[in-house]
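In mature numbering (1 follows the signal peptide of the UniProt record, and there is no 0), the protein residues as written are -21 to -1, 1 to 446. We treat Cβ as the ideally placed atom computed from N, Cα and C, and that holds for glycine. Note that the structure is predicted; figures quoted are calculated from it, not measured.
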């Protein structure tokens, strides 16, 4: 199948008027008999357009049809019709008559040329460019189509009307969805030009359209998503070429579908990689690697977004490459979808593993554990410190007894002393305080931390008991 190349219209949209030139155009439709494309008539006049200019004119038309607003759901792709271009267009325009009409096809029929679609309308657009000098304008094809397509600014699709005192017929013929055969020609003329006597040189462009458009009361096309309302095509499962509907006639006559080729994508006869998308086209199919893969479509290899740093994982997430993509997972200590990760406060959420006798401190992406005072360990395991048995000086003052408790200790002054045990212990004078147990016939003598009893003269005993 052969695909037509595309040329953007904004490339040809240049000013028509020149200092030494002028231009105008007309649109027209009439009935005529049309020869069969299957048997081109070899007796037609030679078309003055070059092969590249014919292709330009066809491409310009198809690009213009893609650009209509609102978009068209049933716009057919145009194909070149040598009958319309040569036997009709060139034959007629060689007369240098700037008026709508068609060539007499009888002489060609008498020579064996056959014409079909009798009784159908053939549309026609005319354009003329005039000049004071005999220099053919460059890009004549583009100037003509620009002149016609620019009329879209005066056309109201919603009401199917043209602004008052404006011309829209050239545009609506270009945009007529059902017109899918195109034939154009031009003539180089000299004499009394349509632009006036001051412009003796003029070039007339004619384009014939089949079937013709501009039926009164009908819109040029149906609006909607491009190709959503294409006529069926037995040769193509998806008869769409970049927004235009490919006709069965183009497949059968021009080889636009490869002489009746099927949809290779639907039939599974393509050679696209398993990780590529196959797209059916008017000339075959195309292969394009899917997102996450790289290659020419026939061979696709996985892109490791993680190593190429093309992932969108958060700085606190782990990127894992997958076949055709990647996944993001927040690192330990963070929560989120991997693209966004926030710190988890394990301490407040009680998800830490700190010991019951340890303090939990949240950190960015984690936490730390520290044994509370009176305990030793790594924070995950904490054991009581026996401060009393520890080597070194006692935590209590002299003359006090140290008693270990869970996580701490207590200090108590030894018997015979008074105080808090932690900061001071002073001797108790049991004799003065009458807390001694000496016999009444004994003398009490205070000692450091205690006292002694001694029986007085004339008594015997241990001082506690005297006889």
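Does residue i pass the burial test, meaning 16 or more other C-beta atoms within 10 Å, or should it be called exposed?
i           : result
residue 226 : buried
residue 166 : buried
residue 45  : buried
residue 368 : exposed
residue 288 : exposed
residue 427 : exposed
residue 115 : exposed
residue 120 : buried
residue 419 : exposed
residue 437 : exposed
residue 212 : buried
residue 365 : exposed
residue 395 : buried
residue 126 : buried
residue 355 : exposed
residue 357 : exposed
residue 33  : buried
residue 158 : buried
residue 328 : exposed
residue 172 : buried
residue 502 : Limits of the chain in this structure are -21 at one end and 446 at the other, which puts residue 502 out of reach.
residue 86  : exposed
residue 218 : buried
Beta carbon of residue i, beta carbon of residue j: below 8 Å?
i           : j           : result
residue 223 : residue 55  : yes
residue 361 : residue 379 : no
residue 292 : residue 317 : yes
residue 276 : residue 259 : no
residue 313 : residue 341 : no
residue 381 : residue 392 : no
residue 183 : residue 107 : yes
residue 447 : residue 326 : Because the chain is modelled from -21 through 446, residue 447 falls outside the range shown and cannot be assessed.
residue 196 : residue 155 : no
residue 180 : residue 112 : yes
residue 136 : residue 150 : no
residue 194 : residue 160 : no
Excluding the 5 residues flanking residue i on each side, which residues of the same chain have their C-beta closer than 6 Å to its C-beta?
i           : result
residue 431 : 424
residue 27  : 165
residue 67  : 81, 82 and 187
residue 400 : 375, 379, 390, 391 and 392
residue 407 : 395 and 397
residue 290 : 284, 298 and 305
Nearest to residue i by alpha carbon, out of the options?
i           : options               : result
residue 330 : 346, 336, 308 and 81  : 346
residue 442 : 428, 21, 417 and 395  : 417
residue 89  : 27, 33, 435 and 21    : 21
residue 304 : 197, 48, 324 and 270  : 270
residue 70  : 185, 30 and 32        : 185
residue 24  : 79, 84, 218 and 104   : 84
residue 104 : 87, 132, 147 and 86   : 147
residue 47  : 87, 86 and 128        : 128
residue 31  : 86, 118, 274 and 87   : 118
residue 363 : 145, 353, 324 and 319 : 353
Within its chain, find whatever has a CB closer than 7 Å to the CB of residue i; leave out the 5 residues flanking it on each side and keep chain order.
i           : result
residue 300 : 283, 284 and 285
residue 264 : 243, 244, 249, 257 and 258
residue 322 : 312, 313, 343 and 344
residue 402 : 376
residue 429 : 395
residue 398 : 392, 404 and 405
residue 208 : 52, 53 and 201
Excluding the 5 residues preceding and the 5 following residue i in the sequence, name in chain order all residues of the same chain whose CB lies nearer than 8 Å to its CB.
i           : result
residue 359 : 332, 333, 334, 337 and 348
residue 421 : 432, 433, 434, 435, 438, 440, 442, 443 and 445
residue 272 : 252, 254, 255, 279, 280, 281, 282 and 303
residue 310 : 295, 296, 297, 320 and 344
- Three or more C-beta pairs below 8 Å linking the stretch 187 to 204 and the stretch 46 to 53: yes
- Contact the stretch 65 to 76 vs the stretch 125 to 142: 3+ CB pairs below 8 Å: no
- Decide yes or no for the touch test of the stretch 373 to 388 against the stretch 407 to 416: beta carbon pairs closer than 8 Å, at least 3 of them. no
- Message: If contact is defined by three or more beta carbon pairs under 8 Å, each pair taking one atom from either stretch, is the stretch 157 to 164 in contact with the stretch 58 to 72?
- Response: yes
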